[in-house]
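Heads up: the structure comes next, in structure tokens.
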Amino acid sequence: MSSPVAGLGRVDLAFPFGFDARGRTAAPAGYPQHVRELLEQLLFTSPGERVNRPDFGCGLLQLLFNPNSPELAATVEYTARAAVQRWLGDVLDLLELRATAHESVLTVDVRYVVRRTGQETEARFVREVPR
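Residue numbering for the sequence shown follows our numbering, beginning at 23 and increasing consecutively.
Okay, structure coming up:
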């Protein structure tokens, strides 16, 4: 999430939202970290979860609640790729995205290029359903 502040240009907020040691709104460690946080938000937000953007998200967490199959994984990966292109296509170029579910753990491996810096990055996101 970012917002313009008069005279400061772009201001990025850390995810999850929090405060720094001075009691101010925390910022990410840098732009590449901000892009990673944006990607994480998109991947793990379910469509309909955000009030003002009901089509934001990609439904990856459904892998944990449905019978696991190659067809479901392929469908969810396709949906995730489409969501990344739609919502973050101006921020990153997606090179690879793999989603796998094993028991109650969802793992998403992503390889992408941050457009502003040209930096290729790999990220792994893991979510577990509490028992």
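All C-beta atoms in this analysis are idealised placements derived from N, C-alpha and C, irrespective of residue type, glycine included.
Since the model is a prediction, treat every value here as computed from it, not as a measurement.
Reference residue i; option with closest CA among the options
{"i": "Gln84", "options": "His56, Leu128, Gln107 and Arg146", "result": "Leu128"}
{"i": "Ala145", "options": "Ala51, Ala43 and Gln55", "result": "Gln55"}
{"i": "Pro89", "options": "Val132, Glu99, Ser126 and Tyr53", "result": "Ser126"}
{"i": "Leu117", "options": "Arg46, Ala105, Arg108 and Glu142", "result": "Glu142"}
Where residue i sits in the DSSP three-state scheme
{"i": "Thr101", "result": "helix"}
{"i": "Arg120", "result": "strand"}
{"i": "Glu93", "result": "helix"}
{"i": "Ala28", "result": "Legend: pLDDT at Ala28 = 42, less than 50; position of this residue unreliable, no value from coordinates given."}
{"i": "Glu59", "result": "helix"}
Residue i - partner residues in DSSP beta bridges
{"i": "Val148", "result": "Thr129"}
{"i": "Leu114", "result": "Val136"}
CB of residue i within 7 Å of CB of residue j, strictly
{"i": "Ala96", "j": "Cys80", "result": "no"}
{"i": "Glu62", "j": "Phe147", "result": "yes"}
{"i": "Gly110", "j": "Val136", "result": "Checking the displayed sequence, the identity of residue 110 turns out to be Leu instead of Gly. Contact: no."}
{"i": "Ala121", "j": "Val130", "result": "yes"}
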